[in-house]
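Asker: Residue numbers (the numbering used here): 919 to 1210. Even glycine gets a Cβ: it sits at the ideal position worked out from N, Cα and C.
1. Nearer than 6 Å: is that true of the beta carbon of residue 1169 relative to any heavy atom of the ligand MG?
2. In the DSSP assignment, the alpha helix (DSSP H) including residue 1223 goes from what residue to what residue?
3. Taking 7 Å as the threshold (C-beta atoms), are residue 1176 and residue 1119 in contact?
4. Looking at C-alpha atoms only, which residue of 1110, 990, 977 and 949 is the closest neighbour of residue 925?
5. Could you check which residue in 983, 1104 and 974 has the C-alpha nearest to that of residue 1045?
6. Leaving out five residues before and five after residue 1050 in sequence, what residues of the same chain have Cβ atoms less than 8 Å from its Cβ?
7. Short of 6 Å in beta carbon distance, which residues of its chain neighbour residue 1201, apart from the five on each side in sequence? Order them along the chain.
8. Quick check on this structure: which residue in 1188, 1129, 1192 and 1180 has the alpha carbon closest to the alpha carbon of residue 1166?
9. Per DSSP, residue 1098 forms a beta bridge with which residues?
10. Which residues bound the beta strand (DSSP E) around residue 1130?
11. DSSP puts residue 1182 in a beta bridge; with which residues?
12. Which residues mark the beginning and the end of the alpha helix (DSSP H) in which residue 1118 is found?
13. Around the C-beta of residue 1028, are 16 or more other C-beta atoms found within 10 angstroms, so that it is buried, or is it exposed?
14. Indicate whether residue 1034 and residue 951 have their beta-carbon atoms separated by less than 7 Å.
15. Taking 8 Å as the limit between beta carbons, can you name the residues of its chain near residue 957, skipping five residues before and five after?
16. Quick one: what does DSSP say residue 1191 is sitting in, helix, strand or coil?
17. Using the Cα positions of residue 1160 and residue 988, report the straight-line distance between them to the nearest angstrom.
18. Take residue 1137 as the anchor and find which of 931, 1104, 947 and 965 has the nearest alpha-carbon.
Written as structure tokens, this is what we have:
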């Protein structure tokens, strides 16, 4: 969920920059959307850390997810239209293009205004169904994501980490060219992620590209793969709408590279089956490490 909202907020920030010249009123609507979505994201971040949610909160969260995808697609269309205005052409062709662009921009401006209405309705629903109260009553006490402390734990706190770390390094850096997947399995809290992060930091620079991503128990797969694309430095495509699109783009990006991916906190086989489709077998000595 956070992934698509982060991307959307980034696009709105770009849209508000001087690089993009917008019709009167569109900048105002875009700024309003950014402020509203930032406020929604703060609440959604709290919801991500909760094991159980009130049904009303779940419905609101799912509504925001779908709305975010719609908004992202609309912003992509708008930015694509603006970026296409710099093509050189003759006078007549320029006039025709200008008229066409004006028509498209008015349509997109109208669409952004409609999205603003959706954001207002989502905020009203949040107030009407007292979503904040549902979250606060469900939390009781402050919730801390256990994955966060695991990521930043000092390795010195783990007794006997050197032996397992060197063994993992040996497995991952051998001479085999085939893609290799190494799993660290154990109960929660034993230091799997801390160990994996130490290995990642030690050997990561040996690879053309690397990424460390935390999976979570119930991941939104599009957001997860979108986040992986971002960390790998993959330029986002406005054509990626389906899960297969994200997988295809990752495979294309990685097919000639020697890559190292660390997936922390993987919970189930079905999630791995989807993520694994993104990793091409390219005989370049690529490695994937998992904690589960």
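Answerer: Concretely, from the data shown:
1. The model depicted lacks the ligand MG and carries no ligand whatsoever.
2. The structure shown does not extend to residue 1223, since the chain is modelled only from 919 to 1210, so the question has no answer here.
3. The answer is no: Cβ separation not under 7 Å.
4. Residue 990 holds the alpha-carbon nearest to the alpha-carbon of residue 925 among 1110, 990, 977 and 949.
5. Among 983, 1104 and 974, the Cα nearest to that of residue 1045 belongs to 974.
6. The answer, listed in chain order, is 961 and 1044.
7. Only 1095 meet the Cβ criterion.
8. Comparing Cα-Cα distances from residue 1166 to each of 1188, 1129, 1192 and 1180, the minimum goes to 1192.
9. Residue 1098 pairs with 1205.
10. From DSSP, the beta strand (DSSP E) with residue 1130 extends over 1127 to 1132.
11. DSSP output for residue 1182 lists 1132 as bridge partner(s).
12. Residues 1110 to 1121.
13. Counting C-beta atoms within 10 angstroms of its own C-beta, residue 1028 has fewer than 16 neighbours from the protein chains shown and is therefore classed as exposed.
14. Inclusion of residue 1034 and residue 951 in the CB contact set at 7 Å is warranted, their separation being smaller than that value.
15. The beta carbon of residue 957 sits closer than 8 Å to the beta carbons of 1041 from its chain, once the five residues preceding and following it are set aside; these are given in chain order.
16. The answer is helix: DSSP assigns residue 1191 an H, G or I state.
17. Taking the Cα positions, residue 1160 is about 13 Å away from residue 988.
18. Looking at the Cα atoms, 965 is the closest of the given residues.
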